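To start, the structure itself, in structure tokens.
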Amino acid sequence: MNLSEPFIRRPVMTALLTVSAILFGVLAYKNLPVNDLPAVDYPVIQVSVSYPGASPQTMASNVATPLERQFMQISGLEVVTSSSGQGHTSFILQFALDKGIDSAATDVQTAITQASGKLPLDLPSPPTFSKTNPNDQPIMYIGLTSDSVTAGQLYDFGSTQVSQRISILAGVSRVDVYGTKTAVRIKADPSAMAARNLSIDDLSAAVRNGTSYTGAGQIDGADRTYLLQPKGQLDSADQYNNLIVSTSGGGAAPKAGANDAMFMAAGSLKQTPGAARQPVYLRDVATAKQSVEDDRVDMRFWVRGKEVPKATVVVAVYRQAGANAVEVAQAVRDLVPVVKATIPPSIDIVPIYDRSAGIVNSANDVKATLYIAFALVVFVIFIFLGRAADTLIPAVALPLSLLLTFIVMHALGYSLDNLSLMALTLAIGFLVDDAIVFLENTVRRMEHLGEGPLEASINSAKEISFTILSMTVSLAAVFIPLLFMPGLVGRIFREFSITIVVSIFASGIVSLTLTPLMCARLLKARGKDTKKTWIERVIGGVERRVLAIYGASLTFFLRHRWVSAVTWVACLAGTVYLFRLVPKAFLPVGDSSFSFGVMIAQEGSSPNHMHELQTTADAAMHANPNVDMTFSMTGNSQFVSGNMGFLLAFLKKPHDRVATPIMTPQGPVMGKDGKPITQVPDIAA
Numbered sequence: 136m137n138l139s140e141p142f143i144r145r146p147v148m149t150a151l152l153t154v155s156a157i158l159f160g161v162l163a164y165k166n167l168p169v170n171d172l173p174a175v176d177y178p179v180i181q182v183s184v185s186y187p188g189a190s191p192q193t194m195a196s197n198v199a200t201p202l203e204r205q206f207m208q209i210s211g212l213e214v215v216t217s218s219s220g221q222g223h224t225s226f227i228l229q230f231a232l233d234k235g236i237d238s239a240a241t242d243v244q245t246a247i248t249q250a251s252g253k254l255p256l257d258l259p260s261p262p263t264f265s266k267t268n269p270n271d272q273p274i275m276y277i278g279l280t281s282d283s284v285t286a287g288q289l290y291d292f293g294s295t296q297v298s299q300r301i302s303i304l305a306g307v308s309r310v311d312v313y314g315t316k317t318a319v320r321i322k323a324d325p326s327a328m329a330a331r332n333l334s335i336d337d338l339s340a341a342v343r344n345g346t347s348y349t350g351a352g353q354i355d356g357a358d359r360t361y362l363l364q365p366k367g368q369l370d371s372a373d374q375y376n377n378l379i380v381s382t383s384g385g386g387a388a389p390k391a392g393a394n395d396a397m398f399m400a401a402g403s404l405k406q407t408p409g410a411a412r413q414p415v416y417l418r419d420v421a422t423a424k425q426s427v428e429d430d431r432v433d434m435r436f437w438v439r440g441k442e443v444p445k446a447t448v449v450v451a452v453y454r455q456a457g458a459n460a461v462e463v464a465q466a467v468r469d470l471v472p473v474v475k476a477t478i479p480p481s482i483d484i485v486p487i488y489d490r491s492a493g494i495v496n497s498a499n500d501v502k503a504t505l506y507i508a509f510a511l512v513v514f515v516i517f518i519f520l521g522r523a524a525d526t527l528i529p530a531v532a533l534p535l536s537l538l539l540t541f542i543v544m545h546a547l548g549y550s551l552d553n554l555s556l557m558a559l560t561l562a563i564g565f566l567v568d569d570a571i572v573f574l575e576n577t578v579r580r581m582e583h584l585g586e587g588p589l590e591a592s593i594n595s596a597k598e599i600s601f602t603i604l605s606m607t608v609s610l611a612a613v614f615i616p617l618l619f620m621p622g623l624v625g626r627i628f629r630e631f632s633i634t635i636v637v638s639i640f641a642s643g644i645v646s647l648t649l650t651p652l653m654c655a656r657l658l659k660a661r662g663k664d665t666k667k668t669w670i671e672r673v674i675g676g677v678e679r680r681v682l683a684i685y686g687a688s689l690t691f692f693l694r695h696r697w698v699s700a701v702t703w704v705a706c707l708a709g710t711v712y713l714f715r716l717v718p719k720a721f722l723p724v725g726d727s728s729f730s731f732g733v734m735i736a737q738e739g740s741s742p743n744h745m746h747e748l749q750t751t752a753d754a755a756m757h758a759n760p761n762v763d764m765t766f767s768m769t770g771n772s773q774f775v776s777g778n779m780g781f782l783l784a785f786l787k788k789p790h791d792r793v794a795t796p797i798m799t800p801q802g803p804v805m806g807k808d809g810k811p812i813t814q815v816p817d818i819a820a
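The end of the sequence shown is residue 820 by our numbering, with every number in the run present.
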């Protein structure tokens, strides 16, 4: 049976199939997403609970413990990580890899519902969960800065004008705004409250009753009906200061709420003649001021050459799983000028960090390696074949095999990432093997048997079609065990193995279809009477000398077999020894010009002390000439603990960095020559 003969005798059919493969391959390549790593659906769920004002101990015992007991009953749950801080508790639930993320989310929702009866009754909102992987870094950080707008107002602009516009973009999963909301803060005076026989509970109840929404009904007139709309929500600090807490005789304010309080504050509600009780306003026992929800949060954004702005808010953009990271980042960059035109001019929008730039650079590096490998393969083939027409046959087989691979990758939902591009780079050496084998066998028949190109191609296909098929299957079988690698690493490398296996099978298909047709149509007459090219004569002479040297060395080792055995043992021992010495990592370390860290202080450090440490850390980063921008944050209990600070450093491009002294708390590290030892930072993150 001849697998290739129908494609040789029907050139139009083969050409149409080839053109179709090229068109669909190009379209698939254009639509493949670009990411740093394969998109893996991690079965990880993050649960968050907020209880403003509660201590970490209260959050751990009253909130975290009931939820943990319910979570531990979920099947397939492997790791539970909980963190309780001031008014906030978060969980990271990691499930077995064989458990679907949707099934895990359903189980988590059921556990939260079952634990709701054991949670505090005054919990502002029920626990929430998200299926976003907490280890997935944002694709972009955007900074909002202003010197005239307050931090709370800046947060409002970020959460309404910026966050909502970005969240509707295609490929964006969620947008987080790091800041603090506008709020009215009430600072009680214990002495004034004690003099009026009031407690914190009385003050809290008065504020709660005075700001509640209640249905007031309606008034029906002769011709119209008027709806009563009580002003149950106070908007400013002055309105809170005019809120009636109690009367001079002690006791809480009547439950009429904000209506009576506002009427009395306006002087429209009069005391009964001869009454001894006088209203006690909130301003008499406390002070209300317009501020933010959490004044312990301190965020600072610094750009070299500019002053530190008074208010800063950072917007983090996350992409959806499988979305093109480069396209998502570009869509956000295009939207920034549009959003900037809709907000006050006093607010500046600054793109802080774009992770897609590192992805593009990494992908471009791998693509450059791919092009170099292709050029070297074609060059080596040309040197040994000696003819441009002969070289064209395997040279066409290589890109066509890649295009067929792109079609399958697009159908499977894969992306152009470091692992898939590495698979294609490794496969380049394999993709031309089958075509070269067919070409060499066809040329051999033409030279030794005197057959024409068409006859030699058909007879060559009869001889080695199944040989090429067995070569393809055996070579692909080498990478099949990667499909069964367990754990998270196996899940990530699955795309690598499938990509390289598909490319090998694509090479075999091309070698059995297009390559025989090109051999039958492009090869010229060969034989003793044909004239050889200059390259064939030169390379032929070199080949004879190499074969002579190889023959002599082979004869020596066959006569002294113990030398081969000793060499084999030495190589095996050296392989084991060097394997232990070589550093091991999941992926090679690269330079992303971005670094982040955590500043840890003593447990129980006050916000003021954390702000002082933050100032010291900022000064150290600003002193480094290789740092372009910095961002630091302390006091955000939802992000880090109260005694921790979050630090970001954005470096200059690698070629723009300069050597700086290696600093320690005792000063710069000095060399033997008495001069400071310098280094150029090469930080990966």
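Just so it is clear, CB atoms sit at the ideal spot from N, CA and C, and this is done for glycine as well. Remember, it's a predicted structure, so these values are computed and weren't measured experimentally.
Whole-Å CB distance - residue i paired with residue j, under 8 Å assumed
i	j	result
Thr821	Val427	The structure shown has nothing for residue 821, since the chain only spans 136 to 820.
Met745	Thr769	4 Å
Arg661	Met581	4 Å
Ala532	Ser642	7 Å
Asn197	Ser550	The Cβ separation is near 44 Å, so there is no contact.
Beta-carbon proximity list for residue i, same chain, < 7 Å, skipping 5 on both sides
i	result
Ala611	Val636, Ile639, Phe640
Ser308	Thr267, Tyr453, Arg454, Gln455
Ala327	Asp419, Val420
Thr149	Phe142, Thr648, Leu649, Leu652
Thr504	Thr560
Residue i vs residue j beta-carbon contact at 8 Å
i	j	result
Ala156	Leu535	yes
Thr224	Val184	yes
Phe436	Leu554	no
Leu559	Leu584	no
Ala446	Thr263	no
Gly777	Gln221	yes
Arg490	Met756	no
Ser339	Gln425	no
Ile301	Val467	yes
Val474	Val312	no
Ile516	Ile563	no
Leu378	Gly345	yes
Ala240	Gly211	no
Ile528	Cys654	yes
Ala286	Gly314	yes
Val865	Tyr375	Only positions 136 to 820 of the chain appear in the structure, and residue 865 is not among them; the question remains open.
Pro444	Asp282	yes
Ala250	Gln205	yes
Lys502	Leu556	yes
Ser600	Ser139	yes
Tyr186	Leu258	yes
Which residues DSSP lists as bridging residue i, in chain order
i	result
Ile277	Val450, Pro486
Gly780	Met734, Thr769
Phe264	Val182
Arg144	Partner(s): none; Arg144 has no beta bridge.
Arg309	Tyr453
Own chain residues within Cβ distance below 6 Å of residue i, not counting five before or after
i	result
Glu671	Gly521
Ser728	Leu786
Pro273	Ala451, Val452, Tyr453
Val513	Ala530
Leu658	Pro588
Ser740	Asn778
Gly306	Arg454, Gln455, Ala458, Val463
Asp242	Ile209
Ile172	Strictly speaking, residue 172 in this sequence is Leu, with Ile absent from that position. Excluding positions up to five away in sequence, the list reads Asp552.
Ile247	Pro262
Proximal residues to residue i (C-beta, below 8 Å), its chain only, five neighbours per side dropped
i	result
Pro146	Leu652, Arg656
Ser190	Gln221
Ala752	Met734, Ser767, Gly780, Leu782
Leu617	Gly625, Phe628, Arg629, Phe631, Ser632
Proximity test, residue i beta-carbon vs the ligand COA heavy atom, cut-off 7 Å
i	result
Val636	In the structure on display, the ligand COA does not appear, and there are no ligands present to speak of.
Which complete beta strand (DSSP E) runs does the region 173–240 hold, if anything under 3 residues is left out? Complete beta strand (DSSP E) runs here, min 3: 179–185, 212–220, 223–230.
At 4 residues or longer, what runs of the alpha helix (DSSP H) sit wholly inside the region 413–478? Residue ranges of uninterrupted alpha helix (DSSP H) with 4 or more members, entirely inside the region 413–478 and ordered along the chain, are 417–420, 460–475.
In the region 513–573, which residue ranges form an unbroken alpha helix (DSSP H) of at least 4 residues, counting only runs that do not cross its ends? Along the length of the region 513–573, whole alpha helix (DSSP H) runs at least 4 residues long occupy 523–547, 553–566, reported in chain order.
Mind listing, in chain order, the continuous alpha helix (DSSP H) runs of no fewer than 4 residues lying wholly within the region 691–764? Note on the region 691–764: whole alpha helix (DSSP H) runs with a minimum of 4 residues are 696–716, 742–757, in chain order.
Tell me the start and end of each unbroken beta strand (DSSP E) in the region 312–391 that is at least 3 residues and wholly inside, in chain order. The beta strand (DSSP E) runs lying completely inside the region 312–391 and spanning 3 residues or more are 317–323, 353–355, 360–362, 379–382, given in chain order.
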